[in-house]
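Chemist: Residue numbers (my numbering): 495 to 687. Heads up, the beta-carbon is just placed ideally off N, CA and C, and yes, glycines get one too.
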């Protein structure tokens with residue numbers, strides 16, 4: 495959506511033209527075989543623009559820009575996960591997650607990172623909004639367990655959801671996701687408090 499709306503804003507300011515050019519360039523990194531250093535320069539500019547006042551961008555366009563940047567950073571296989579985390583955690587999309595639609599991207603980034611602690615605050619903010627399904631709670635729980643994070647470090651909001659993941663409740667809630675059921679069954683019930 496952001497890329498469709500940017501031409502509307504381009505006539506306002508040279509900075510918008512530069513942002514549009516950077517977005518186009520970033521979306522074609524894999525085709526153009528752009529090197530890591532050049533990618534990071536472009537990402538730095540785009541994230542700096544996203545973190546600055548939006549020069550009268552409406553909140554919908556601003557949010558779409560951040561989600562698009564999140565997608566680019568998470569899906570770029572050449573940049574390090576730590577670089578992506580550093581850039582993503584500076585965006586509002588990480589401070590005020592727009593709901594479960596971005597959870598898959600954050601989980602994908604979590605898998606790539608060596609240090610998973612950045613994800614705990616994000617998970618807590620999402621869980622506090624009470625918009626996640628049992629399936630999404632299970633995905634978070636399994637991802638943190640796979641990263642070796644002790645359940646004692648989990649956000650209180652996640653611990654409060656553990657009852658949904660215990661037997662027999664989880665069998666019915668997650669019947670359509672046998673992969674999640676299998677992953678949860680590998681955990682001891684005391685890990686699900």
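(1) Using CA coordinates, which residue listed in 617, 521 and 646 is at the minimum distance from residue 540?
(2) Which two residues bound the contiguous alpha helix (DSSP H) that contains residue 606?
(3) Under the rule that 16 or more other beta-carbon atoms within 10 Å means buried, what is residue 676, buried or exposed?
(4) Report the three-state DSSP secondary structure of residue 623 (helix, strand or coil).
(5) Leaving out five residues on either side along the sequence, give the residues of the same chain with a beta carbon under 6 Å from the beta carbon of residue 681.
(6) Is it buried or exposed for residue 582, if we count other Cβ within 10 angstroms and need 16 for buried?
(7) Kindly indicate the opening and closing residues of the alpha helix (DSSP H) around residue 648.
(8) What do you get for residue 568, buried or exposed, if any count of 16 or more other CB atoms within 10 angstroms of its CB means buried?
(9) CA-CA distance, residue 633 and residue 678?
(10) Applying the criterion that 16 or more other CB atoms from any shown protein chain within 10 Å of the CB defines a buried residue, is residue 605 buried or exposed?
(11) Looking at the unbroken alpha helix (DSSP H) that takes in residue 553, where does it start and where does it end?
(12) Under 7 Å, do residue 560 and residue 585 count as touching if we go by C-beta distance?
(13) Would the region 606-626 count as touching the region 646-658 if we require 3 or more Cβ pairs under 8 Å?
(14) DSSP three-state label for residue 678, please.
(15) Could you pull out every residue in the same chain whose Cβ sits closer than 6 Å to the Cβ of residue 628, ignoring the five residues on either side in sequence?
(16) So residue 594 packs on residue 626, CB below 8 Å; how close in whole Å?
(17) Just to confirm the assignment, what range does the alpha helix (DSSP H) spanning residue 585 have?
(18) What do you reckon, are the CB atoms on residue 530 and residue 572 nearer than 7 Å?
(19) Please return the same chain residues whose Cβ sits closer than 6 Å to the Cβ of residue 702, not counting the five positions on each side in sequence.
Modeler: Concretely, from the data shown:
(1) 521
(2) Counting along the chain, residue 606 sits inside the alpha helix (DSSP H) bounded by residues 597-606.
(3) exposed
(4) Secondary structure of residue 623 (DSSP, three-state): coil.
(5) Around residue 681: no qualifying Cβ.
(6) Around the beta-carbon of residue 582, 16 or more other beta-carbon atoms lie within 10 Å, marking it buried.
(7) That residue, residue 648, is in no alpha helix (DSSP H); it is neither H nor E in DSSP.
(8) buried
(9) 9 Å
(10) With fewer than 16 other Cβ atoms within 10 Å, it is exposed.
(11) 553-569
(12) Yes, the Cβ-Cβ distance between residue 560 and residue 585 is below 7 Å.
(13) They touch, by the three-pair rule.
(14) Looking at residue 678 - three-state DSSP - the assignment turns out to be helix.
(15) 658 and 667
(16) 6 Å
(17) From DSSP, residue 585 is part of no alpha helix (DSSP H); its letter is neither H nor E.
(18) yes
(19) With the chain covering only 495 through 687, there is no way to say anything about residue 702.
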